[in-house]
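2 protein chains.
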Amino acid sequence: LEPPFSHTPNHSLSYWCVLFQGVGGGWIEAQNSRGEVGLVPEDYIELPGGGGNVGHVAAPVAAHAPDLSFFDAFAAPASNGKDPWSVWNQDTTGGSSNNWAAQPEGTITGTITGKSAAPDPWGSTAQSHPQAYQGPGAEDDEWDDEWDDVKSNSESGDGGAIQRGGATGSSMKISLNKFPGFSKSGPELFLLCKQPPKGKEKITIYMGEVGPVWSYPEAQLDCVVADPKKGTKMYGLKSYIEYHVIPNTTNRPVNHRYKHFDWLYERLLDKFGSAIPIPSLPDKQVTGRFEEEFIKMRMERLQGWMTRMCRHPVVSNSDVFQLFLTYKDEKDWKTGKRKAEKDEDVGVMIFSSIEPEAPDLDPIEVEQKCDQFSRFTKAMDDGVKDLLTVGQEHWKRCTGPLPKEYQRIGKAFQNLSSVFTSSGYQGEATLTDAMTSAGKTYEEIAQMVAEQPRKDLHFLMENNNEYKGLLGCFPDTIGVHKAAIEKVKEGDRLVAASKITPQDKVTMAKRVSTMSYALQAEMNHFHSNRIYDYNRVMQLYLEEQVKFYETIAEKLKQAHSQFTTM
Amino acid sequence: LEPPFSHTPNHSLSYWCVLFQGVGGGWIEAQNSRGEVGLVPEDYIELPGGGGNVGHVAAPVAAHAPDLSFFDAFAAPASNGKDPWSVWNQDTTGGSSNNWAAQPEGTITGTITGKSAAPDPWGSTAQSHPQAYQGPGAEDDEWDDEWDDVKSNSESGDGGAIQRGGATGSSMKISLNKFPGFSKSGPELFLLCKQPPKGKEKITIYMGEVGPVWSYPEAQLDCVVADPKKGTKMYGLKSYIEYHVIPNTTNRPVNHRYKHFDWLYERLLDKFGSAIPIPSLPDKQVTGRFEEEFIKMRMERLQGWMTRMCRHPVVSNSDVFQLFLTYKDEKDWKTGKRKAEKDEDVGVMIFSSIEPEAPDLDPIEVEQKCDQFSRFTKAMDDGVKDLLTVGQEHWKRCTGPLPKEYQRIGKAFQNLSSVFTSSGYQGEATLTDAMTSAGKTYEEIAQMVAEQPRKDLHFLMENNNEYKGLLGCFPDTIGVHKAAIEKVKEGDRLVAASKITPQDKVTMAKRVSTMSYALQAEMNHFHSNRIYDYNRVMQLYLEEQVKFYETIAEKLKQAHSQFTTM
């Protein structure tokens, strides 16, 4: 057996044995080296240059890779441990004991990492949050398990994702794309490509006040995700939720289901993932008693995700994103969809579209910048997770023991008041009315305390949760750069070993400079958004906190006014 | 061996054997039926009519009791269980499962109960309160263990209390008085006394708007307990704290030590305890690292006790209380002290001084009133204890986990702020300054939360603690009345058995009416004080709570103003 996915670091997929070819719909049943059985798309196992012939023994798919062993050399450092940060960040991380160690082994690509390493949106104890992710293995969402339905299969082999429980019950997700040689840990594809593809969209980087910046549009794209509606298909056997997505450019709503968002996500990830961290979508969830709550929560998070994508000048300007927001009819959508799925300008090749309007950078400066961003994102990731943990505990207290205590105080006052009422003493009423009222006030405060987190802490948590997801993509985005830097560093050795030409070495240095500009532009985009987001969410949080404490003070003032010392 | 104290319900003191007569200073070493050894005053063990002869075998001290077996008959119902309320309140209490079951067996007299049954001033979990009672068995307070010192002994046989660790290590306290026949459960002493003692002070009861009321003075007596000063004696071997007590009548401070307050307490208990619940003093405590805190706390509680005594028209008008507040010099004090200790108008005989200016009550009405007060005080005792428990838990949360959480939130904000500072991005300062400031605000809030209970909950707790102590005296005060009612009910049987004459029976009915007026006047006094106290303490509590929440809102408003979404 050959190792067809040896260029991907996902060990569980290293060896595949085709078990059954006749599954239909473009799928093949296969078994990996761990004995796990699953479906893989037919075209994924095509031999290089093959035209649809599927062999019983799967061959390497890394057909377009200039040098397979070369790829392995690049892939190695990125898959050598459980902590993707530790590869280039050993000076700042605490080794395997840090949070990143919790990521699944071998999941290196940014988005797979993002999706599978964050089963808990608010840290490991998030289950108690009423809106928190309801546990892993919830792939069978009745609205979303349609990747294998008739309609989807007829559209295949699309570049979707396989989501299947294997024989061991574990699920796996293979990120596919039409450029099979692509690997995020293989930037040499761009560094060494013979000439940039022609007729590309150009992505310009300017020198702004803060350094390299993307080219921002004059009017910022925005959209609203709203009006979730339940639909059914297959004679009511399957139901799903469809959302309106209304861009501010057309003001015309288009309909999308979660699986469309997921499709868009996959496209964006394939296309921009090497240069731009594409945060994963809100997790799929099991449905249950909290359908309303769940739909609201998912919509809120899809809105957050779309807002972030709209705000990104490169992403929002892309054909696939525009298609998603402004398709005219079903036919338009399907045509655009097919076109997007055939886009070969994905993976590290995105850098070939990028044109920095600035002089080439020195490799030392490139490395410094890369290290700086790496340190920063790692530190921020820690800080964000810390805040999430603290917020999580505060949420628990505010919705658990604290309101219970205020309620008991309220009850104790009312209880004493009713004892006093039984005294038979004249002129008791003023005190007992006041004490009952004070007691009720504390019961109201209990209620307020319990409800407050949804009004303020919720948004602080959601914001930080979003940033946790975004930061979780950086190890991979930065990893591409780090790998490129290492490649350039090896330039002399590679020339000496005749792996590359001296001209290749010069080209690589120039191209790594372009990559660095892209990283800097992205970091500056990140920083500016971060500053905006944290200002906004802190304002909102503190505003609601002020209201909360002022309301309590006002209520207590009223309770106070009823007591009288004659 | 004769049972010298059989008329008292304290089993542990039933039998005494004089061990050693030559202790000196008016004391005799004796051993009780449990083998516990302690000192008892010489004159306490005098035989009836004896002139200082002490026998090796102690004889009954109940010399003045008209009929010992008769006394036993009365004593029985009050000592038949662990729950003093259950005797006359079985309809409202839940049997032995209620709080009162926790009282030490056999401690029946109100003040002994008050002192020994309340080792925890704020309920059973009060230890964690920084100012809470620091555990039982703390009798050896270096400032207060002077009942047996040279000076005290030279003043003996005073009517102080013996506080000694017995052979078993347990301590006991004997309430002594100069009227050895006195027992709170023996109201027949008053009901059947031949003629009221002459030349008494009269205590008048009027019919007020709310029913029977004591005669209140025009100007209410008040005093300030202040300026605790450390004094030493015995060449510095012993130190003690002396307080200034300044009555509003003279504005002249007199000096008193804790033991003087304790002496006053004993006098008031002996003299008024059958008619008026005399709350016990703040407990003796071990001293330790918190001397300052302890002195402040004791002073505050002595102040509370004195204020309550000053407010009582009967207590505050008494010679002994006036002596305590206004003695001119040491000689005056000693003279007055000796006189007070020789006062024979104590125990149930206080009722003979009481003159209700209203028609005699029907025994049925007497019983109804008694039951009503009993139910009320029991219910209030439950309510107060409930509030103390709740308050105790709230105190713990406010000084423990809650501020820690706010501190962690504050740290998380500041931590994230310092990460942001490291971004190297321009224009970061406004956000990071604002986030640092918000973080510090939450640390300030943490501090405020931790300190707040001392500003508001403390007074609510102290007030309820005071009421808990006061309510703990009611079972005994009401018990005297209940016993008297039972006595009157037995009137016919006693006449038939020739235990009393028919005239005695008539007299008893009249006198039990007087007792009922006293109880009603006292309950009305209690109610009026209770309404004042609870209004006042709730006002104070809510006022401080309002300030607290307003301050937090104000701080957060300031923190909020530093954020800006440009």
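In the order they appear, the protein sequences are chains A and B. Just so we're aligned: the first sequence equals residues 124 to 689 in the working numbering. Just so we're aligned: the second sequence equals residues 124 to 689 in the working numbering. Glycine included, each C-beta is placed from N, C-alpha and C at the ideal position. Every value quoted in this text rests on a predicted model; they were computed, and no experiment measured them.
Along chain B, which residues have their Cβ under 8 Å away from the Cβ of glutamine 77(A)?
Outside the shown range of chain A, which is 124 to 689, sits residue 77(A), and nothing can be said about it.
Backbone secondary structure at proline 482(B) - three-state DSSP
Here the question's residue 482(B) lines up with position 359 in the second sequence. Residue state, collapsed to three classes: coil.
Could you give the DSSP three-state label for arginine 431(B): helix, strand or coil?
The count along the second sequence starts at 1 and reaches residue 431(B) at position 308. In the structure shown, arginine 431(B) sits in a helix (DSSP, three-state: H, G or I).
Report, in whole angstroms, the separation of the C-beta atoms of arginine 466(B) and lysine 394(B), which I expect to be a contact under 8 Å.
In the second sequence, counting from the first residue as 1, residue 466(B) sits at position 343. In the second sequence, counting from the first residue as 1, residue 394(B) sits at position 271. One point to set straight first is that residue 466(B) is aspartate, not arginine, in the sequence displayed. About 7 Å; that satisfies the 8 Å criterion.
What residue range does the beta strand (DSSP E) around isoleucine 601(A) cover?
Here residue 601(A) refers to the residue found at position 478 of the first sequence. Not the beta strand (DSSP E): isoleucine 601(A) falls in the alpha helix (DSSP H), residues 580 to 612.
Pick from Lys527(B), Phe384(B) and Val368(B): whose alpha carbon is nearest that of valine 377(B)?
As a working note, residue 377(B) is residue 254 in the second sequence. With distances taken between Cα atoms, valine 377(B) lies closest to Val368(B).
Neighbouring residues, chain A, relative to serine 546(B) (Cβ below 7 Å):
Position 423 of the second sequence, counted from the first residue, corresponds to residue 546(B). Within 7 Å Cβ-Cβ: Phe499 and His650.
Does alanine 557(B) get closer than 8 Å to chain A when you measure Cβ to Cβ?
Position 434 of the second sequence, counting from 1, holds the residue named residue 557(B). Judged by the 8 Å Cβ criterion, alanine 557(B) is in contact with chain A.
Short Cβ contact (8 Å threshold) for glutamine 668(A) with leucine 539(B):
To locate residue 668(A), count along the first sequence from 1; it is residue 545. To locate residue 539(B), count along the second sequence from 1; it is residue 416. Cβ distance not < 8 Å, so glutamine 668(A) and leucine 539(B) don't count as in contact.
Alpha carbon to alpha carbon, how far is lysine 492(A) from histidine 650(A)?
If you number the first sequence from 1, residue 492(A) lands on position 369. If you number the first sequence from 1, residue 650(A) lands on position 527. Computed Cα separation, rounded: 14 Å.
Using a beta-carbon distance below 8 Å, is alanine 676(A) in contact with chain B?
Start at 1 with the first residue of the first sequence, and residue 676(A) comes out as number 553. Yes, because at least one Cβ of chain B sits closer than 8 Å to the Cβ of alanine 676(A).
Tell me the DSSP secondary structure of proline 335(A) in three-state form.
By 1-based counting over the first sequence, the position of residue 335(A) is 212. Proline 335(A) falls in the strand class under three-state DSSP.
Can you tell me which of the three DSSP states asparagine 374(A) falls into?
Here residue 374(A) is taken as the residue at index 251 of the first sequence, counted from 1. Coil, per DSSP.
Between the beta-carbon of glutamine 575(A) and the beta-carbon of histidine 683(B), is there less than 8 Å?
Numbered from 1 along the first sequence, position 452 holds the residue referred to as residue 575(A). Numbered from 1 along the second sequence, position 560 holds the residue referred to as residue 683(B). It is not a contact, given that the beta carbons lie outside the stated cut-off.
In chain B, what lies closer than 7 Å to isoleucine 532(A) by C-beta?
Within the first sequence, numbered from 1, the residue matching residue 532(A) stands at position 409. Those within 7 Å of isoleucine 532(A) in chain B are Val513 and His517.
What residues from chain A crowd round glutamate 332(B), counting only those whose CB sits closer than 9 Å?
Position 209 of the second sequence, counting from 1, holds the residue named residue 332(B). The answer, in chain order, is Gln549 and Gly550.
Is there a C-beta anywhere in chain A that falls below 8 Å from the one on threonine 687(B)?
Sequence index remark: in the second sequence, residue 687(B) carries index 564 (1-based). Chain A, which has a Cβ nearer than 8 Å to the Cβ of threonine 687(B), makes this yes.
Once the 5 residues before and after glutamine 681(A) are set aside, which same chain residues still bring their CB inside 7 Å of it?
Translated into the one-based positions of the first sequence, residue 681(A) becomes position 558. For glutamine 681(A), where only same-chain residues beyond five positions count, there are no Cβ hits under 7 Å.
Neighbouring residues, chain B, relative to glutamate 666(A) (Cβ below 7 Å)
Along the first sequence, read from residue 1 onward, the residue named residue 666(A) stands at position 543. Under the 7 Å cutoff, chain B gives His683.
Let me know if valine 629(B) comes out buried or exposed under the rule of 16 or more other beta-carbons within 10 Å of its beta-carbon.
Here residue 629(B) corresponds to residue number 506 of the second sequence, with the count starting at 1. Exposed is the call here.
Straight-line Cα distance separating lysine 451(B) from glutamine 515(B)
As a position in the second sequence, residue 515(B) is number 392, starting the count at 1. As a position in the second sequence, residue 451(B) is number 328, starting the count at 1. Going by the C-alpha atoms only, they are around 43 Å apart.
Cβ shell of proline 400(B) (< 7 Å), same chain only, five flanking positions each side left out
Along the second sequence, one-based indexing puts residue 400(B) at 277. Taken in chain order, the residues that qualify are Gly233, Leu593, Cys596, Phe597 and Thr600.
Considering only their Cβ atoms, is the gap separating leucine 511(A) from asparagine 587(A) smaller than 8 Å?
Here residue 587(A) refers to the residue found at position 464 of the first sequence. Here residue 511(A) refers to the residue found at position 388 of the first sequence. Going by C-beta atoms, asparagine 587(A) is nearer than 8 Å to leucine 511(A).
For alanine 349(B), which beta-bridge partners are listed by DSSP?
By one-based count along the second sequence, residue 349(B) stands at place 226. DSSP lists His367(B) as partners of alanine 349(B).
Compute the Euclidean distance between the alpha carbons of alanine 632(A) and valine 611(A), then round it to the nearest angstrom.
For this step, residue 632(A) is matched to residue 509 along the first sequence. For this step, residue 611(A) is matched to residue 488 along the first sequence. Distance between the alpha carbons of alanine 632(A) and valine 611(A): 6 Å.
Whose CA, out of Gly334(A), Arg461(A), Ser636(A) and Ala342(A), lies closest to the CA of isoleucine 487(A)?
As a working note, residue 487(A) is residue 364 in the first sequence. When each option's Cα is compared against that of isoleucine 487(A), the closest is Ser636(A).
Less than 8 Å between the beta carbons of leucine 642(A) and phenylalanine 496(A), yes or no?
Position 519 of the first sequence, counted from the first residue, corresponds to residue 642(A). Position 373 of the first sequence, counted from the first residue, corresponds to residue 496(A). The answer is yes: Cβ separation under 8 Å.
Using DSSP's beta-bridge definition, name the partner residues of isoleucine 326(B).
For the purposes of this step, residue 326(B) is taken as residue 203 along the second sequence, with counting starting at 1. DSSP lists Ile477(B) as partners of isoleucine 326(B).
Under 9 Å between beta-carbons, which chain B residues line up against methionine 638(A)? List them in chain order, please.
Taking the first sequence and counting its residues from 1, one reaches residue 638(A) at position 515. In chain order: nothing, as chain B lies at least about 19 Å away.
Mind listing the chain B neighbours of methionine 503(A)? Cutoff is C-beta to C-beta under 7 Å, in chain order.
By one-based count along the first sequence, residue 503(A) stands at place 380. Contact note: methionine 503(A) reaches chain B through Val542, using a C-beta cutoff of 7 Å and chain order.
By the three-class DSSP mapping on this structure, what secondary structure does serine 362(B) have?
Your numbering for residue 362(B) matches position 239 in the second sequence. In the structure shown, serine 362(B) sits in a strand (DSSP, three-state: E or B).
Chain B residues whose Cβ lies nearer than 7 Å to that of aspartate 509(A)
As a first step, residue 509(A) must be located in the first sequence, where it is residue number 386. Within chain B, the residues placing a beta-carbon under 7 Å from that of aspartate 509(A) are Ala535 and Asn538, ordered along the chain.
Taking contact to mean 3 or more Cβ pairs, one atom from each stretch, closer than 8 Å, check whether the stretch 653 to 660 of chain B and the stretch 529 to 539 of chain B are in contact.
no
Mind pulling the chain A residues with CB within less than 7 Å of tyrosine 672(B)?
Along the second sequence, one-based indexing puts residue 672(B) at 549. Within chain A, the residues near tyrosine 672(B) are Tyr672, Ile675, Ala676 and Leu679.
Test: glutamate 566(B) CB closer than 8 Å to a CB of chain A:
For the purposes of this step, residue 566(B) is identified with residue 443 of the second sequence, where counting begins at 1. Answer no: the Cβ-Cβ gap between glutamate 566(B) and chain A never drops below 8 Å.
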